[in-house]
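A.B. asks: Quick one: structure below, then a few questions.
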Amino acid sequence: MLKYIIPLLLFIILAVFLGLGLNLKPNDIPSPFINKPAPEFSAPKLNAPEQKLTPADLKGQVWLFNVWASWCVSCRAEHPILNQFAKQYAVVIIGLNYKDEPEDAKTWLKTLGNPYNVSIMDQEGRIGIDYGVYGVPETFVIDKKGLIRYKHTGPVSAEDVQKIFLPLIAKLEAES
Amino acid sequence: MKPILFIMLLVISINSHAVDSRQLSDPKQQESYETLTKELRCLVCQNQTIADSNAELASDLRRQVYEMLQQGKSEQDIIRYMTDRYGEFVLYKPAFAGKTSLLWIAPVVFLFMGLMTVFLVIRRKRATAQLNVDALDITTEKQKKIRSLLEKGELS
Numbered sequence: 242m243l244k245y246i247i248p249l250l251l252f253i254i255l256a257v258f259l260g261l262g263l264n265l266k267p268n269d270i271p272s273p274f275i276n277k278p279a280p281e282f283s284a285p286k287l288n289a290p291e292q293k294l295t296p297a298d299l300k301g302q303v304w305l306f307n308v309w310a311s312w313c314v315s316c317r318a319e320h321p322i323l324n325q326f327a328k329q330y331a332v333v334i335i336g337l338n339y340k341d342e343p344e345d346a347k348t349w350l351k352t353l354g355n356p357y358n359v360s361i362m363d364q365e366g367r368i369g370i371d372y373g374v375y376g377v378p379e380t381f382v383i384d385k386k387g388l389i390r391y392k393h394t395g396p397v398s399a400e401d402v403q404k405i406f407l408p409l410i411a412k413l414e415a416e417s
Numbered sequence: 016m017k018p019i020l021f022i023m024l025l026v027i028s029i030n031s032h033a034v035d036s037r038q039l040s041d042p043k044q045q046e047s048y049e050t051l052t053k054e055l056r057c058l059v060c061q062n063q064t065i066a067d068s069n070a071e072l073a074s075d076l077r078r079q080v081y082e083m084l085q086q087g088k089s090e091q092d093i094i095r096y097m098t099d100r101y102g103e104f105v106l107y108k109p110a111f112a113g114k115t116s117l118l119w120i121a122p123v124v125f126l127f128m129g130l131m132t133v134f135l136v137i138r139r140k141r142a143t144a145q146l147n148v149d150a151l152d153i154t155t156e157k158q159k160k161i162r163s164l165l166e167k168g169e170l171s
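Order-wise, the sequence lines are chains A and B.
Here my numbering runs 241 ahead of the position in the first sequence, where the first position is 1.
Here my numbering runs 15 ahead of the position in the second sequence, where the first position is 1.
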């Protein structure tokens, strides 16, 4: 009997691990930033480089921080959803134009629409490193106190908006 | 000629490094740079270190390591800086902690299990060989020889 049970057990263990492995997403790296203050930056605005934006300017409101670039293909897929989101809901969306040419970025916004209240420039990718960005697009949700409450890696889908972003934003808006 | 060429190509590929290798004036810092870039994971191409990868992010992270070393930061400072931003996952050598203990202990456990299996299999084989000889129903010279050979085998 044992002769059959041992290989069977080994098989089951292996199958369970492989099965779990199938559902893992190695690209979803848990962010160490959740519930931590949004890293400081002072970055030039895309449309007015002489003006700078810092996270402190946004204190007291819930805002989305969306990392994008004109060279990023998934950003193009995500863009219509952000556009609609910006139109439908009164949420501040700040864009981090990541390692991009300002001219390319401006053209991109002109042709595809601009969902951002403000976009800031990070040509060298330093703000990106401070926010642990590794795959554009990424979207952070930051609360009234300036804490990062959620990080989304990859393009935001319409379903994500309904299931994740809207409930979370409503909850954060309700906080004092 | 062909095998030589092949070996040469292999050697070249081993030595290939990401293009923008930097030089620090202090050899000790240079050493730190080399170790750190070989211990940090490129998060875009996850099975490569930032020393190996030519992804943009890897090159930015190399720049970051380089600049921090120039500012006189220690290896630990830099590792903390990276884990603060990218989490434990950025380390190819994660610290020994509750979450990573399985990672560190598992190889030893598996090695032990393997050794145990080998040991048990050998012991069982020997026992059956002995049994087979005993089961022989004749006491001839041959049987004696077999037994002595088996015993010798056990001694060696």
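Even glycine gets a Cβ: it sits at the ideal position worked out from N, Cα and C.
With DSSP collapsed to three states, give me the class of Met-242 (chain A).
C.D. replies: Looking at Met-242 (chain A) - three-state DSSP - the assignment turns out to be coil, as it is neither helix nor strand.
A.B. asks: Note down, one range per segment and in chain order, each alpha helix (DSSP H) of at least 4 residues found wholly within the segment 53-98 of chain B.
C.D. replies: Qualifying alpha helix (DSSP H) stretches, in chain order: 71-85.
A.B. asks: Give me, in chain order, the residues of the same chain whose beta-carbon lies closer than 7 Å to that of Pro-109 (chain B); leave out the 5 immediate sequence neighbours on both sides.
C.D. replies: Cβ neighbours of Pro-109 (chain B) beyond the five flanking positions: Glu-103, Thr-115 and Leu-118.
A.B. asks: Residues of the segment 369-385 of chain A in Cβ contact with chain B at a cutoff of 9 Å, in chain order, please.
C.D. replies: Answer in chain order: Gly-369, Ile-370, Asp-371, Tyr-372, Gly-373, Val-374, Tyr-375 and Gly-376.
A.B. asks: Run the CB neighbour count on Asp-92 (chain B), radius 10 Å, all protein chains shown included, and call it buried at 16 or more, exposed below.
C.D. replies: Asp-92 (chain B) comes out exposed.
A.B. asks: Between Val-136 (chain B) and Pro-396 (chain A), what straight-line distance do the alpha-carbon atoms span, to the nearest angstrom?
C.D. replies: Cα to Cα, the separation comes out at about 54 Å.
A.B. asks: Nearest to Phe-274 (chain A) by alpha carbon, out of A:Ile-254, A:Lys-412, A:Ile-410 and A:Gly-387?
C.D. replies: When only C-alpha atoms are compared, the closest one is A:Gly-387.
A.B. asks: For Ala-279 (chain A), collect the residues of the same chain with a Cβ closer than 6 Å to its Cβ; drop the 5 residues on either side in sequence, then sort them by chain order.
C.D. replies: The answer, listed in chain order, is Pro-296, Ile-383, Gly-387 and Ile-389.
A.B. asks: For the alpha helix (DSSP H) that contains Glu-414 (chain A), what are its first and last residues?
C.D. replies: Its alpha helix (DSSP H) spans residues 407-415.
A.B. asks: Starting from the beta carbon of Pro-273 (chain A), find every residue of chain B whose beta carbon is closer than 9 Å, and list them in chain order.
C.D. replies: Neighbours of Pro-273 (chain A) on chain B, chain order: Thr-98, Asp-99, Arg-100, Tyr-101, Gly-102 and Glu-103.
A.B. asks: At the level of alpha carbons, what is the spacing between Asp-75 (chain B) and Val-308 (chain A)?
C.D. replies: Rounded to the nearest angstrom, the two C-alpha atoms are 16 Å apart.
A.B. asks: Does the beta carbon of Lys-340 (chain A) sit closer than 8 Å to a beta carbon anywhere in chain B?
C.D. replies: Chain B contact via Cβ: present.
A.B. asks: Starting from the beta carbon of Gly-366 (chain A), find every residue of chain B whose beta carbon is closer than 8 Å, and list them in chain order.
C.D. replies: In chain order: Glu-71, Leu-72 and Asp-75.
A.B. asks: Just the Cα atoms here: how many angstroms apart are Leu-418 (chain A) and Pro-290 (chain A)?
C.D. replies: Shown here, chain A extends from 242 to 417; a query on residue 418 (chain A) therefore has no answer.
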